[in-house]
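Notes for the one structure printed next.
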Amino acid sequence: ALQYANEDDAKTLWEKIKSNFTGQAEDRKIDAGNKLHNLRLCEKEKISDYIARARGLATKCASLGLDVTERELTFYVVRRLTGKYAKIREILKTQREKSIDDLLEIQHDEETLQNNVGMPAEVSNPDLAFTAVRRQRQKRVCYLSRKPNHVMKDCFIR
């Protein structure tokens, strides 16, 4: 406040205040743009959280006056996919017309497939996983021959 105390005219005071704070707004705009350009998927981050973070940065850029189109946002999100999503990234690089919502749906399907890797092959629906695992546990194995579907007292080896 003391740096503006010697100003007598309101117009010159306003110009001085405006020049001091205009630079900060431009800096925030540049920083938000750089954060969006350098957006990366964290190692343990879910794809939905990653896209939500990207959308938040795009909203922040828009509020600062830096317009980000849906296509640009999709480009930045796809470009920085790594690790288990590298295969999807290569596919989506050729499909530029996809929106961020399409990308979210594709990545959600991929996450579901990644999470279901330990489930039996015949189970494609995660809701059926419990019954399939339970069905596998109920198979009986002979203690003598180690063959399924009979018990030791009925074993043909004895």
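Numbers given in the numbering used here equal positions in the sequence shown, counted from 1, plus 1. Glycine included, C-beta positions come from ideal geometry on N, C-alpha and C. Note that this is a predicted model, so its numbers are computed, not measured.
### Message
What does the Cβ neighbour count give for residue 122, buried or exposed, with the cut at 16 atoms within 10 Å?
### Response
Position 121 of the sequence shown, counting from 1, holds the residue named residue 122. With a pLDDT of 49 at residue 122, under the threshold of 50, the predicted position of this residue should be treated as unreliable, though the coordinate-derived value follows. Exposed is the call here.
### Message
I need the straight-line Cα distance from residue 8 to residue 27, nearest angstrom please.
### Response
Against the sequence shown, residue 8 aligns to sequence position 7. Against the sequence shown, residue 27 aligns to sequence position 26. About 25 angstroms.
### Task
Report the option in 143, 68, 59 whose CA atom is closest to the CA atom of residue 40.
In the sequence shown, residue 40 corresponds to position 39, counting from 1. Closest by alpha carbon: 59.
### Task
Specify, as a first and last residue, the run of the alpha helix (DSSP H) that residue 71 falls within.
Residue 71 sits at position 70 when you count from the first residue of the sequence shown. Where residue 71 is concerned, the enclosing alpha helix (DSSP H) stretches over 71-80.
### Task
Locate the alpha helix (DSSP H) running through residue 56, then write down its first and last residues.
For the purposes of this step, residue 56 is taken as the residue at position 55 of the sequence shown. Run containing residue 56: 48-64, per the alpha helix (DSSP H) assignment.
### Task
May I ask you to verify whether the segment 16-26 touches the segment 45-57, counting CB pairs closer than 8 angstroms and requiring at least 3?
Contact fails: fewer than three Cβ-Cβ distances are below 8 angstroms.
### Residues that residue 142 bridges to, as DSSP identifies them
Residue mapping note: residue 142 aligns to position 141 of the sequence shown, counting from 1. 149.
### Query
Excluding five sequence neighbours on each side, which residues of the same chain lie with their C-beta closer than 7 angstroms to the C-beta of residue 143?
Residue 143 sits at position 142 when you count from the first residue of the sequence shown. Around residue 143: 151, 152, 153, 156.
### Query
Do you know whose CA, among 92, 86, 93, lies nearest residue 113's CA?
Start at 1 with the first residue of the sequence shown, and residue 113 comes out as number 112. Comparing Cα-Cα distances from residue 113 to each of 92, 86, 93, the minimum goes to 86.
### Task
Check residue 29 in the structure and name its three-state DSSP category.
As a working note, residue 29 is residue 28 in the sequence shown. Correct three-state label for residue 29: helix.
### Assigned secondary structure, residue 114 (DSSP; H/G/I helix, E/B strand, else coil)
Working through the sequence shown from its first residue, we reach residue 114 at position 113. It is helical.
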